[in-house]
Amino acid sequence: MSCLRTFSTRRGKRLFWALLCLLTPAAAVLSICAGSVTLSLHDIFSALLGRDTTSAAARIVLYTRLPRTCAALLAGAALAVAGVVIQNVLDNPLASSGVIGVNSGAGLAVALLCAAVPTAQKYAPLAAFLGAVAAALLVMGLSKSTGASRMKVVLAGVAVSGLFSAGIDAVVTVVPEALGGVSDFRIGGFTGVTMARLAPAAAVIALALVLVLSLSQQMNVLSLGDDVARSLGLSVGAVRCVLLVLAAALAGAAVSFAGLLGFVGLIVPHAVRRFTGQEALPLLVASALGGAGFVTLCDVLARVLFSPFELPVGIVLAFAGVPFFLWLLLRRREGHG
Amino acid sequence: MIETKDLCAGYYGKAVVQNVSLDFLPGQVLVLLGPNGCGKSTLLKAALGLLPPMQGTVLYDGTDIRSLSHRQIAQQAALLTQSRSTPSIQALRMVLHGRFPYLSYPRRYSGRDRDIARAAMQTAGCDALERENVSELSGGQRQAVYLAMALAQDTQTVFMDEPTTFLDVRRQMQTMQTAQRLAAEGKAVVAVLHDIALALRFADRIAVMLDGRLLQCAAPEEILRSGVLERAFGVQVYCADTPHGKQYYCVAED
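Going down the list, the protein sequences come from chains Y and V.
For what it's worth, my numbering labels the leading residue of the first sequence as 10, then goes sequentially.
For what it's worth, my numbering labels the leading residue of the second sequence as 518, then goes sequentially.
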């Protein structure tokens with residue numbers, strides 16, 4: 010308990026950042042090293058540096074573990090940052106792309122695309138983006154027309170999320186082969202991800218991350234409330250709309266290759282905010298690093314816990330993340346926050 | 518100077534403020550008085566462009582507010598709001614947001630912005646709180662930080678929506694003294710108050726509103742003489758000479 014209190018001091022904050030900066034690369038290295046087949050560091054570096062691309066070890070590194078590690082890093086960073094942005098835009102700490110239906114909107118669009126045109130899987134990120142944006146706009150429109158209280162935004166999101174999830178189920182029932190591994194997609198996982206499938210989504214995530222970071226000052230002003238933000242000269246409606254589209258792009262791109270990963274967008278921003286405060290730039294950077302590291306570590310656990318059998322990472326995320334999140338909440342209630 | 522001309526403004530098509538013509542003169546503290554729901558805060562919002570005029574207009578140095586951007590308005594008028602979020606950030610960072618209307622790409626605050634923010638904190642009496650976390654401050658300290666943010670905007674007009682609510686007596690007086698100091702520096706200060714005695718003591722002019730309409734706008738003595746306060750609030754207002762100057766008090770009418 011006292012370790013968390015230490016982080017609130019200036020020195021503690023430095024320690025937090027140092028640990029965070031170590032966590033992500035360490036998780037990435039671990040993810041490439043760990044698995045049912047044991048590889049030497051020499052094999053791994055030979056493959057990564059392009060000296061050996063043909064041996065069995067190199068194939069495992071280049072075609073299985075590297076894409077998977079990149080996928081986990083990207084999905085974690087994208088979903089955590091999308092969570093920060095959505096919480097900021099909707100001024101609601103309970104919101105995240107999973108809670109308000111953005112993830113399931115993206116999932117439904119991918120399911121529809123794969124069911125209608127099975128050969129068009131390369132357009133999955135685009136479909137996911139459109140589905141995510143549609144869900145975000147629907148939630149925002151619904152909550153606005155019902156008075157836009159914090160609770161109504163979440164309730165509207167939960168309703169929309171339920172509707173889209175039912176839509177995914179309907180598509181999968183009618184066209185069972187629409188989503189290759191249906192249970193994996195619903196729980197979230199990185200099995201079978203390839204660099205080719207990852208590339209378009211990675212481009213979308215990288216661009217959206219840069220744009221979100223460039224809007225951090227606007228996010229700071231937006232967090233002061235609509236009237237104050239407007240009186241400071243911010244075009245609240247336009248900024249909110251742009252940020253929501255960027256969050257949808259991040260979440261949609263992640264869903265397109267990782268499936269419906271829950272909790273990341275809710276847990277990571279809350280855990281990180283305790284140490285960074287609400288200043289947007291450090292919060293976004295720490296959430297991106299924390300999300301990437303956390304999802305990657307959970308994916309490593311998913312692979313090694315019952316090796317050679319694999320769990321979908323979504324299950325590990327829930328088992329590891331939710332108790333941690335509840336512990337944070339309980340500590341706050343006890344007055345430690 | 519900001520002025521309203523036959524201004525009607527409100528919500529969902531219903532005019533809460535009706536045909537109000539008022540000018541906010543530099544070098545003066547203008548206090549808006551009126552019972553709850555009479556449209557004082559709505560008038561402030563419309564004057565700041567937070568609500569579009571339904572009829573009439575708001576003029577900024579003769580220019581219609583409709584032709585100004587949010588940014589241009591923010592460089593001429595600042596708002597100290599009634600409802601405030603309490604973000605978990607350092608007080609100086611919070612006050613620096615007052616410089617947001619002047620930021621150009623890539624929107625990073627400069628050394629000059631920091632100097633202006635620190636001077637604003639000094640004026641608002643919260644320079645000692647520079648490194649404190651806003652979420653851990655008391656209500657009065659938070660109020661001072663928000664006031665400093667409004668002052669850091671360095672505008673000719675400062676609107677204050679109920680700046681003394683939730684403050685103890687001492688801080689209420691300090692806030693109104695700060696308002697007088699700003700007016701003495703040449704700013705137009707417009708404050709919505711509920712305390713009639715405070716208004717009569719610190720205002721240069723008082724505008725009394727009832728049911729969305731402006732009943733009268735005049736100097737405190739004239740307002741007291743005219744009986745408009747009795748009409749608006751249903752209370753008798755009395756003035757007593759004391760060794761500390763004139764003091765005002767209200768007695769409810771039976």
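Ideal Cβ placement from N, Cα and C applies to all residues, glycine included.
Treat the numbers as computed from the prediction; the structure is a model and nothing was measured.
So, does the CB of residue 606(V) fall closer than 8 Å to a CB anywhere in chain Y?
Position 89 of the second sequence, counted from the start, is the residue given in the question as residue 606(V). True, the Cβ-Cβ gap to chain Y drops below 8 Å.
Per DSSP, what are the beta-bridge partners of residue 479(V) in this structure?
Because chain V is modelled from 518 through 771, residue 479(V) falls outside the range shown and cannot be assessed.
DSSP beta-bridge partners for residue 779(V)?
Outside the shown range of chain V, which is 518 to 771, sits residue 779(V), and nothing can be said about it.
Here's the rule: buried if 16 or more other CB atoms are within 10 angstroms of the residue's CB, otherwise exposed. What is residue 11(Y)?
Along the first sequence, read from residue 1 onward, the residue named residue 11(Y) stands at position 2. Because the pLDDT of residue 11(Y) is 45, which lies under 50, any placement of that residue in the model is unreliable, and the question is left without a value.
Cβ pair count under 8 Å reaching 3, the segment 610-622 of chain V against the segment 680-696 of chain V:
no
Using only CA atoms, which one of 48(Y), 59(Y), 92(Y), 54(Y) lies nearest to residue 218(Y)?
Locating residue 218(Y) in the first sequence gives position 209, where the first residue counts as 1. Closest by C-alpha distance to residue 218(Y), out of 48(Y), 59(Y), 92(Y), 54(Y), is 92(Y).
Residue closest to residue 263(Y), alpha-carbon to alpha-carbon, out of 227(Y), 24(Y), 173(Y), 107(Y):
Within the first sequence, residue 263(Y) is the residue found at index 254, counting from 1. The residue with the shortest Cα to Cα distance from residue 263(Y) is 107(Y).
Residue 50(Y) versus residue 144(Y) - alpha carbon distance
The residue labelled residue 50(Y) in the question sits at position 41 within the first sequence. The residue labelled residue 144(Y) in the question sits at position 135 within the first sequence. Roughly 44 Å between the two C-alpha positions.
Give the range of the alpha helix (DSSP H) segment to which residue 130(Y) is assigned.
Translated into positions along the first sequence, residue 130(Y) becomes position 121. Premise fails: residue 130(Y) is in no alpha helix (DSSP H) and is neither H nor E.
Strictly below 7 Å CB to CB, what residues from chain Y border residue 610(V)?
The sequence position of residue 610(V) within the second sequence is 93, counting from 1. By Cβ distance, chain Y contributes 288.
May I ask whether a heavy atom of the ligand GTP can be found less than 7 Å away from the beta carbon of residue 81(Y)?
Because no ligand of any kind appears in the structure shown, any question about the ligand GTP cannot be addressed here.
Neighbourhood of residue 16(Y) by C-beta distance below 8 Å, restricted to the same chain and skipping five residues each side:
Locating residue 16(Y) in the first sequence gives position 7, counting from the first residue. With a pLDDT of 48 at residue 16(Y), under the threshold of 50, the predicted position of this residue should be treated as unreliable, and no value is reported.
Kindly indicate if chain Y contains any beta-carbon less than 8 Å away from that of residue 559(V).
Residue mapping note: residue 559(V) aligns to position 42 of the second sequence, counting from 1. Residue 559(V) does not count as touching chain Y.
Here's the rule: buried if 16 or more other CB atoms are within 10 angstroms of the residue's CB, otherwise exposed. What is residue 761(V)?
For the purposes of this step, residue 761(V) is taken as residue 244 along the second sequence, with counting starting at 1. Counting Cβ neighbours within 10 Å, residue 761(V) comes out exposed, since fewer than 16 surround it.
CA nearest to the CA of residue 556(V), picked from 534(V), 666(V), 759(V)
Here residue 556(V) refers to the residue found at position 39 when the second sequence is read from its first residue. If we check each option's Cα against that of residue 556(V), 534(V) comes out closest.
Taking the alpha carbon of residue 270(Y) as the reference point, which residue from 87(Y), 56(Y), 63(Y) has its own alpha carbon closest?
As a working note, residue 270(Y) is residue 261 in the first sequence. Answer by Cα proximity: 87(Y).
Residue 725(V) and residue 701(V) closer than 8 Å at C-beta
One-based indexing of the second sequence puts residue 725(V) at position 208. One-based indexing of the second sequence puts residue 701(V) at position 184. For residue 725(V) and residue 701(V), no; Cβs fall outside 8 Å.
Rounded to a whole number of angstroms, what is the C-alpha to C-alpha distance between residue 637(V) and residue 178(Y)?
For the purposes of this step, residue 637(V) is identified with residue 120 of the second sequence, where counting begins at 1. For the purposes of this step, residue 178(Y) is identified with residue 169 of the first sequence, where counting begins at 1. Those two C-alpha atoms are separated by around 58 Å.
Within chain V, partners of residue 232(Y) - CB distance below 8 Å
Residue 232(Y) sits at position 223 when you count from the first residue of the first sequence. Per Cβ cutoff of 8 Å: 602, 604.
Please state if the CB of residue 261(Y) and the CB of residue 137(Y) are separated by a distance shorter than 8 Å.
In the first sequence, counting from the first residue as 1, residue 137(Y) sits at position 128. In the first sequence, counting from the first residue as 1, residue 261(Y) sits at position 252. Yes; because the gap between Cβ atoms is below 8 Å, this pair is in contact.
Return the CA-CA distance between residue 766(V) and residue 338(Y), expressed in angstroms with no decimal places.
For this step, residue 766(V) is matched to residue 249 along the second sequence. For this step, residue 338(Y) is matched to residue 329 along the first sequence. For residue 766(V) and residue 338(Y), the distance between alpha carbons rounds to 49 Å.
Please look up how many angstroms separate the CB atoms of residue 676(V) and residue 565(V), rounded, as I've assumed it's under 8 Å.
As a first step, residue 676(V) is located in the second sequence; it is residue number 159 there, counting from the start. As a first step, residue 565(V) is located in the second sequence; it is residue number 48 there, counting from the start. Residue 676(V) to residue 565(V), Cβ: 6 Å. Contact.
Counting only Cβ pairs nearer than 8 Å, list the residues of chain Y close to residue 617(V).
Here residue 617(V) is taken as the residue at index 100 of the second sequence, counted from 1. Ordered by position in chain Y, the residues that pass the 8 Å Cβ test against residue 617(V) are 226, 230, 241, 242, 243.
Rounded to the nearest angstrom, what separates residue 560(V) and residue 173(Y) at their Cα positions?
Locating residue 560(V) in the second sequence gives position 43, counting from the first residue. Locating residue 173(Y) in the first sequence gives position 164, counting from the first residue. Going by C-alpha positions, residue 560(V) is about 43 Å away from residue 173(Y).
Enumerate in chain order the residues of its own chain whose CB-to-CB distance from residue 89(Y) is below 7 Å, with the five nearest sequence positions on each side excluded.
Counting from 1 along the first sequence, the entry for residue 89(Y) is found at position 80. Only 273, 274, 277, 278, 296, 297, 299, 300 meet the Cβ criterion.
When the distance is taken between beta carbons, is residue 597(V) closer than 8 Å to residue 678(V)?
For this step, residue 678(V) is matched to residue 161 along the second sequence. For this step, residue 597(V) is matched to residue 80 along the second sequence. One thing to note: residue 678(V) has its Cβ within 8 Å of the Cβ of residue 597(V).
Say whether chain Y places a C-beta atom closer than 8 Å to the C-beta of residue 650(V).
As a position in the second sequence, residue 650(V) is number 133, starting the count at 1. Between residue 650(V) and chain Y, the shortest Cβ-Cβ separation is below 8 Å.
Whole angstroms is fine: what's the gap from residue 330(Y)'s alpha carbon to residue 307(Y)'s?
Reading the first sequence from its first residue, position 321 is the one you call residue 330(Y). Reading the first sequence from its first residue, position 298 is the one you call residue 307(Y). Spanning the two alpha carbons is a distance of roughly 9 Å.
Reduced DSSP category for residue 608(V) - H, G, I as helix; E, B as strand; rest coil:
Here residue 608(V) corresponds to residue number 91 of the second sequence, with the count starting at 1. Three-state result, residue 608(V): helix.
May I ask you to verify whether the segment 534-552 of chain V touches the segment 702-712 of chain V, counting CB pairs closer than 8 Å and requiring at least 3?
yes
Cβ pair count under 8 Å reaching 3, the segment 645-659 of chain V against the segment 617-632 of chain V:
no
Residue nearest to residue 186(Y) in terms of C-alpha spacing, selected from 126(Y), 215(Y), 235(Y):
Sequence index remark: in the first sequence, residue 186(Y) carries index 177 (1-based). The option with the nearest alpha carbon to residue 186(Y) is 126(Y).
Given a cut-off of 8 Å on the beta-carbon distance, is the pair residue 142(Y) and residue 169(Y) in contact?
Locating residue 142(Y) in the first sequence gives position 133, where the first residue counts as 1. Locating residue 169(Y) in the first sequence gives position 160, where the first residue counts as 1. Taking 8 Å as the Cβ cut-off, residue 142(Y) and residue 169(Y) do not qualify as a contacting pair.
What three-state label does DSSP hand residue 16(Y) in the structure shown?
Position 7 of the first sequence, counting from 1, holds the residue named residue 16(Y). Model confidence at residue 16(Y) stands at a pLDDT of 48, short of 50, so the residue's coordinates are unreliable; what they give is reported in the following sentence. In the structure shown, residue 16(Y) adopts coil according to DSSP, grouped into three states.
Does any CB atom of chain Y fall closer than 8 Å to the CB of residue 692(V)?
Within the second sequence, the letter at position 175 stands for residue 692(V). Not one chain Y Cβ lies under 8 Å of residue 692(V).
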